[in-house]
Amino acid sequence: MKKLICIAAFWLMFCIIGASSAQGQSGEGYTFITSERGPQICVGRWIPPTDVALAGVCDGQVYGLSQLSALSAKQTVDRLDQLLIVLSSIDQKLAANNDIMTSLIQATVNTQTAIDQQVRQGGEILREAISERFSDIPKEILANDLFKEELMKLKEDILTEVEKQYSKKPAPPRK
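Using mature numbering (1 follows the signal peptide of the UniProt record, and there is no 0), the letters of the sequence shown map in sequence onto residues -21 to -1, 1 to 154.
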């Protein structure tokens, strides 16, 4: 009888150890299974056994470690290739935007130069017109020295004010 109890206890222990080694251990979204074929990985839902003596069931793919490593490496390479394509596209778009910005900056500089030149020319034309108008004053009016002196002061004041207004550099645009 003792022999039968020992054999039953040994068999029960063997079944429990065998079943527990086939139990899944979850980690990082995968279930690791120890089986007679070595370590396996269940990629999917692991359904634990209802009976201790039975193995669980993987509702998905079962891979060996080397297979999963190779699959993971291939997926990583594919994702890196996709990322490289996206980054290359971004680089091309940035280069195109930089070219456009350079063109816009050059156009702005050219426009500002043209505006400055027009302002200077407008100032010169205005000064010439003022000087010409004062030169066209009839000699009878200029016969009075006091009146002539006041007109010349007025001319100089006007020309000074024109010089101030037309020689100013416009303020650079704010960034």
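Just so you know, even glycine gets a beta-carbon here, dropped at the ideal spot from N, CA and C.
Being a predicted model, the structure only gives us computed values, none of them experimental.
Between the options, which lies nearest to residue i when the distance is taken from Cα to Cα?
i: V141; options: T29, A108 and D60; result: A108
i: W25; options: R16, V36 and V31; result: V36
i: K143; options: G102, S68, K127 and K132; result: G102
i: I104; options: Y145, I64, P28 and A75; result: Y145
i: E15; options: R58, Y9 and A34; result: A34
i: T10; options: L66, L47, A32 and I79; result: L47
i: S110; options: S51, T92 and K134; result: K134
So, under 8 Å CB-CB, residue i and residue j are touching, yes? Tell me the CB distance rounded to an integer number of Å.
i: L125; j: F113; result: Their Cβ separation, rounded to whole angstroms, is 16 Å, which puts L125 and F113 out of contact at 8 Å.
i: R106; j: L83; result: Not a contact, Cβ separation roughly 35 Å.
Which residues does DSSP pair with residue i in a beta bridge?
i: G43; result: Q19
i: T13; result: P18
i: D38; result: R24
Open item on the list: Does the contact criterion of 3 or more C-beta pairs under 8 Å hold for the region 118 to 126 versus the region 90 to 108?
Closed with: Contact check between the region 118 to 126 and the region 90 to 108: fewer than three CB pairs, one atom from each, fall below 8 Å, which does not count as touching.
Open item on the list: Check whether the region 40 to 49 and the region 18 to 27 touch, using three or more Cβ-Cβ pairs below 8 Å as the test.
Closed with: Cβ pair count under 8 Å is three or more, so yes.
Open item on the list: My parser needs the alpha helix (DSSP H) runs of 4 or more residues fully inside the region 54 to 136; what are they?
Closed with: Runs found: 118 to 121.
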